[in-house]
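Quick notes on the structure that follows.
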Amino acid sequence: MALSRSARSARLGVLATAAASFLAVAASSAPAPGSDGIGDAYFPGLGNGGFDARHYALDVAYAPDTGRLDGRTTITARATQSLTSFDLDLQQLQVTKVEVNGRPARFTRQGDEIRITPRGVLPQGRDFTVAVTYGGIPQPLGGPIVFGSKYGWMKTADGVFVACEPNAASTWFPSSDHPSDKATYDIRIKAPKGLTAVSNGRLISTYDKGDQTVTHWRESKPMATYLATATIGKFDVRTGKTPSGIPIYVAIDPVLKNSNSVDVYAVTAEATDYWSKVFGPYPFEETGAIVDDMPEAGFSLEVQSKPAYSAVRNESTIVHELAHQWFGDSVSVAHWKDIWLNEGFATYAQWLWAEHKGTRSAHDSFVAAYDARPADNAFWQIKVADPQRDTMFASAVYQRGAMTLQALRERIGDTAFFELLPAWTRLHRYGNANTGEFIRLAERISGQKLDDLFQKWIFTTGKPTL
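Mapping to my numbering: the sequence shown position 252 is 232, numbers consecutive.
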């Protein structure tokens, strides 16, 4: 049967479309180098294109007397395109050998990027391993980003305090150093006998090797690179379980043992269990804390499974960092401009804790924060939904972010609000999310259009009218 002219034209159109699609697929899968960054506007060079990191096996040896770190990092990754070469992020340290799938690979260095060229093309969709041997003396980063403080790999009197947000993980291990590329971890730390090495997840083994102790930690849940730690020093360790049965590991520098009345172990146990009721099930295998004597670091960090405190902080700081286990650690930002999804939520958790304890309602905390700053204060000139790199940890990201959540709660009511929080952590558990996704979920659960509220509180500058 002959085709009519119109049918023949339609069929030719279909064939042309199919051919174009085939050519597009063929072109997209043609072997090519992976990009040297994931495209984050704040940190264009962080993360790497062309592969998805799946697992890190970190083997590091640290000598506190000299400050030298020697390491071998083995990354298991999946190629997301056919790769002729790919990058890893590594700052300062010197690379001596690279192997891909067990075979030596060529590499070049340009700034903080290592460009690795395997012997053959890495096929799209296939797993591969890359092992990097490296060493040197890690240096902390500085600048305006983290409250003007140094951060990253920081020497202490008896070891090292490791807290790497946002871009310092690559000062101590080669990685795809961006929260959008999460992976599981095995971290083995070799340090002199008499020191304790604390890391993420649960303790697998500890054994002596000559005058050194090797400690093996395993984080079996996906983790952003900046949340990894290898903190080393003299610590008093207490282990047990929270009242609900979650394993807990708390390490406190004995220098700080009697410097504050806060019972870190008790508050950690209580807050972990309480947030599990408000935010959804605790997302990791263990909870805890690392409390080190590090006065040069004026901050604490939500290290996954064990927040790191540079000194004994107050109870409110502990509940803030533990709230991050849900908001920031389990549900991580897709890009750093969405950092309010971490800090605004953890700050609001402090207000919820005060409400839970009966000391002040979240509404009163909101009013106090709002009234504390006049309209001409620079605080109100930060756009919370895109605060810019050097001010990504400005107080407005924390406080105005928290105000946004209280404004949302008062708009949609407690029933919808306290359904929203665990729904958010459930939908994006162990993944990444952005502000638009949170707004859409809030609208779906509340049945309301909320564009005006978020426009007023996080997308514009200036002091909102109440």
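Backbone N, C-alpha and C fix where the C-beta goes; we use that ideal spot for every residue, glycine too.
Tell me which same chain residues have a C-beta within less than 7 Å of the C-beta of residue i, skipping the five on either side of it?
i	result
R95	S65, D67, F87 and T88
N294	V242
K135	G47
S200	T164, G181 and E265
A(-1)	Its pLDDT being 46, under 50, A(-1) is placed unreliably by the model, and nothing is read from it.
F359	R353, S375 and A376
Going by CA-CA distance only, name the one from the options that's closest to residue i.
i	options	result
A177	N147, A12 and T211	T211
G91	R83, E79 and V75	V75
Q361	F439, T395, Q330 and K286	F439
I319	S341, N238, A246 and S160	S160
D138	Y206, D233 and T109	D233
W255	A43, L401, R52 and G105	L401
A376	K363, R406 and D50	K363
F279	G25, G128 and E93	G128
A231	S239, T222 and G213	G213
F373	L281, P84 and L63	L281
T109	K337, K257 and V78	V78
G29	V347, G190 and R58	R58
V235	I228, S224, D272 and A396	D272
W316	K189, V258 and N412	N412
Apart from the five residues just before and just after residue i, which ones in its own chain have a Cβ nearer than 8 Å to its Cβ?
i	result
T151	Q71, Q72, L73, P118, Q119, P120, L121, G132, W133 and C144
M274	M134, T136, F141, S290 and A291
Q192	A41, K170, A171, P172 and K173
A7	Only weak support is given to the placement of A7: the predicted model assigns it a pLDDT of 47, under 50, and the question is left unresolved by the model.
A342	Y328, W331, L332, A334, E335, Q386 and R389
Quick one: does the C-beta of residue i sit closer than 7 Å to a heavy atom of the ligand PLP?
i	result
F127	Among the components modelled here there is no ligand, and therefore nothing to report on the ligand PLP.
Grab me the residues of residue i's own chain with a C-beta within less than 6 Å of its C-beta, minus the 5 sequence neighbours each way, in chain order.
i	result
G427	none
R340	A334
A37	T54 and D166
Out of curiosity, what's the CA-to-CA distance linking residue i and residue j?
i	j	result
G442	N322	22 Å
G381	P146	19 Å
T219	H196	17 Å
G27	S156	4 Å
G268	D216	13 Å
A314	N81	29 Å
D45	A277	20 Å
F398	P367	27 Å
L102	P154	19 Å
I270	A288	5 Å
L433	H158	30 Å
V5	A12	The predicted model places V5 with a pLDDT of 43, which falls under 50 and marks its position as unreliable; any figure quoted below should be read in that light. If you take the alpha carbons of V5 and A12, they lie about 14 Å apart.
R420	S239	46 Å
A422	V311	16 Å
For the 8 Å Cβ check, are there 3 or more pairs between the stretch 12 to 20 and the stretch 71 to 83? no
Whole beta strand (DSSP E) elements within the stretch 29 to 114, 3-residue minimum: 31 to 43, 48 to 59, 63 to 69, 74 to 80, 86 to 90 and 93 to 97
Return the chain-ordered ranges of every alpha helix (DSSP H) run that is complete within the stretch 233 to 269 and spans a minimum of 4 residues. 244 to 258
Just to confirm the assignment: which complete alpha helix (DSSP H) runs, minimum length 4, are found wholly within the stretch 380 to 438? 394 to 407, 415 to 426 and 431 to 437
Is it the case that the stretch 378 to 398 contacts the stretch 412 to 432, given that we only count it when at least three CB pairs across the two stretches are under 8 Å? yes
Cβ contact (3+ pairs, closer than 8 Å) linking the stretch 300 to 308 and the stretch 324 to 338: yes
Mind pulling the beta strand (DSSP E) runs of 3 or more residues that sit fully within the stretch 147 to 181? 163 to 172 and 176 to 178
Runs of beta strand (DSSP E) wholly within the stretch 113 to 145 (minimum 3 residues, chain order): 132 to 135 and 140 to 143
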